[in-house]
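Visitor: Residue numbers (UniProt numbering): 1 to 100.
We put the beta carbon where it would ideally sit given N, CA and C, even for glycine.
Before I ask anything, here is the structure I am working with.
Pasting the structure below:
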């Protein structure tokens, strides 16, 4: 029974993470390509995957597993985008155009 109570707590935390991400996005506090938004979605999905294992709920498990994978992909995209931005030359590094 203690495991079931722990599962409830993890489910509540996962739900809270989803709501925080959703509200943050809709109130303009988060961007969809931010680490925080994607991380909240990944952790919320992972928490719901855990709650779907015992007792096993195939619909919830598959849905939240896919949600977590998409969140993880979003984290990777955010990393890749930030890395490209940091490697791009700044205006001071680009020489001015000279007429030919």
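Where does residue 6 fall in DSSP's three states?
Guide: Looking at residue 6 - three-state DSSP - the assignment turns out to be helix.
Visitor: Using the beta-carbon count (16 or more within 10 Å), is residue 129 buried or exposed?
Guide: In the structure displayed, the chain extends from 1 to 100; residue 129 sits before or after that span and is not available.
Visitor: What is the DSSP secondary structure of residue 28, reduced to helix, strand or coil?
Guide: Of the three classes helix, strand and coil, the one that applies to residue 28 here is coil, per DSSP.
Visitor: Cβ of residue 14 within 8 angstroms of Cβ of residue 44?
Guide: Their beta carbons are under 8 angstroms apart, which means residue 14 touches residue 44 by this criterion.
Visitor: Using CA atoms only, rank isn't needed, just tell me which of 54, 30, 85 and 24 is closest to residue 11.
Guide: Answer by Cα proximity: 54.
Visitor: Shortest alpha-carbon distance to residue 78 belongs to which of 24, 28 and 37?
Guide: Taking only the C-alpha atoms, the option nearest residue 78 is 37.
Visitor: Excluding sequence positions up to five away, which residues of its chain have a Cβ less than 7 angstroms from the Cβ of residue 102?
Guide: Since the displayed the chain opens at 1 and closes at 100, residue 102 lies outside it and no answer follows.
Visitor: If you compare alpha carbons, which of 89, 81, 86 and 56 is closest to residue 35?
Guide: The residue with the shortest Cα to Cα distance from residue 35 is 81.
Visitor: With C-beta atoms as the reference, is residue 75 less than 8 angstroms away from residue 42?
Guide: Result yes, Cβ atoms of residue 75 and residue 42 sit closer than 8 angstroms.
Visitor: Between which residues of its own chain and residue 68 is the CB-CB distance below 7 angstroms, once the five residues before and five after are set aside?
Guide: Closer than 7 angstroms at the Cβ level, and outside the excluded window around residue 68, lie 42, 45, 46 and 49.
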